[in-house]
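*Asks:* Here's a structure for you.
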Amino acid sequence: MYLSRMRLNPRRRGTVFLIGNPQAMHAAVESCFPPVDGQKERVLWRIDQHPDSVELYILSPRKPSFEHLQEQAGWENEPSWRILDYSPLLDHVHKGNRYGFNLVANPVHTVTDPKTGRKARKAHVTRAQMRQWLLDRADQIGVAFPIDDATGEPLVQVVGQRDLNFRRGGSTLHLRQAEFQGVLDVTDPDFFREAITSGIGKARAYGCGLFTLVPVAKEE
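For reference, each letter of the sequence shown is one residue, going 106 to 325 in this note's numbering.
This is the structure we're talking about:
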């Protein structure tokens, strides 16, 4: 597996278009890889926006090629990407490891119409609901969220959210993204490796579900 980071030029029209249209960015990410006959690879990606910069993260089984994205949304004479082999991190995921994490996800829940019985997927509205959505998934992704001694609450925060409307075919899609930051402890290495490489939640084709991690030393 490879984790790539590409800095996009926030002043380019191509960048503005891509970060506002997950369908277009999905296509741009897919075009980073030559097609493989008969195989469907899981590629995760995420956009991180800061006051003066935009970064694209991609986690993929193969190394991507970014030249076309540089032409569309980068700097003409300055390649701005870095590709890292993610295998060392994955190989050293053990029970008890602690990591700081960033995650953009699509926190949704299923509701049932009492009259028709039809089920529909709805986005969570409040940050408290979004936070609880992630906390509820701790066991299935193989982690525990340590408790903050000062507040008595798990070390998980929702630090941002975005609502995006974009076209796919003849339909308009509505996507709510929540940005999480926090600290986690690994309880099941196999489950957590699967969460890292396959992502969590819905809308993974549209920039959701990708963890990025930084090892954190536990306090004695």
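Where a beta carbon is used, it is the ideal one built from N, C-alpha and C, also for glycine.
Can you look up T221 in the DSSP assignment and give me helix, strand or coil?
*Replies:* Correct three-state label for T221: coil.
*Asks:* Identify which residue in R273, R281, S185 and I152 has its Cα closest to the Cα of Q266.
*Replies:* The shortest Cα separation from Q266 among R273, R281, S185 and I152 belongs to R281.
*Asks:* Based on the DSSP output, what are the partners of N211 in its beta bridges?
*Replies:* N211 pairs with nothing; no bridge assigned.
*Asks:* Hey, which unbroken runs of the beta strand (DSSP E) at 3 residues or more fall wholly within the segment 227-290?
*Replies:* Segments of the beta strand (DSSP E) lying fully in the segment 227-290: 261-273.
*Asks:* Evaluate G312 with the Cβ neighbour count: other Cβ atoms within 10 Å of its Cβ, from every protein chain shown; 16 or more gives buried, anything less gives exposed.
*Replies:* That one is buried.
*Asks:* Please report the straight-line C-alpha distance between R242 and H229, rounded to a whole angstrom.
*Replies:* R242 and H229: Cα-Cα distance of roughly 15 angstroms.
*Asks:* Which residues bound the alpha helix (DSSP H) around R118?
*Replies:* Run containing R118: R118 to I124, per the alpha helix (DSSP H) assignment.
*Asks:* Quick one: Cα of E284 to Cα of V209, how far?
*Replies:* Distance between the alpha carbons of E284 and V209: 4 angstroms.
*Asks:* Taking DSSP as the reference, what is the three-state secondary structure of S303?
*Replies:* The answer is helix: DSSP assigns S303 an H, G or I state.
*Asks:* With P193 as the anchor, note down where its alpha helix (DSSP H) starts and where it stops.
*Replies:* That run of the alpha helix (DSSP H) goes S192 to D196.
*Asks:* Would you mind reading off the limits of the alpha helix (DSSP H) that contains Q154?
*Replies:* Run containing Q154: none in the alpha helix (DSSP H); it sits in the beta strand (DSSP E), L149 to H155.
*Asks:* Along the chain, where does the alpha helix (DSSP H) containing P127 start, and where does it finish?
*Replies:* Element bounds for P127: P127 to E135.
*Asks:* Given a cut-off of 8 angstroms on the beta-carbon distance, is the pair R298 and V198 in contact?
*Replies:* Closer than 8 angstroms, so yes.
*Asks:* Measuring only the C-alpha atoms, how far is Q175 from I301?
*Replies:* C-alpha separation (whole angstroms): 27 angstroms.
*Asks:* Nearest by alpha-carbon distance to P357: which of L149, I124 and R167 is it?
*Replies:* Residue 357 is absent from the model: the chain starts at 106 and stops at 325.
*Asks:* Rounded to the nearest angstrom, what separates P251 and P212 at their Cα positions?
*Replies:* Answer to the nearest angstrom: the Cα atoms are 21 angstroms apart.
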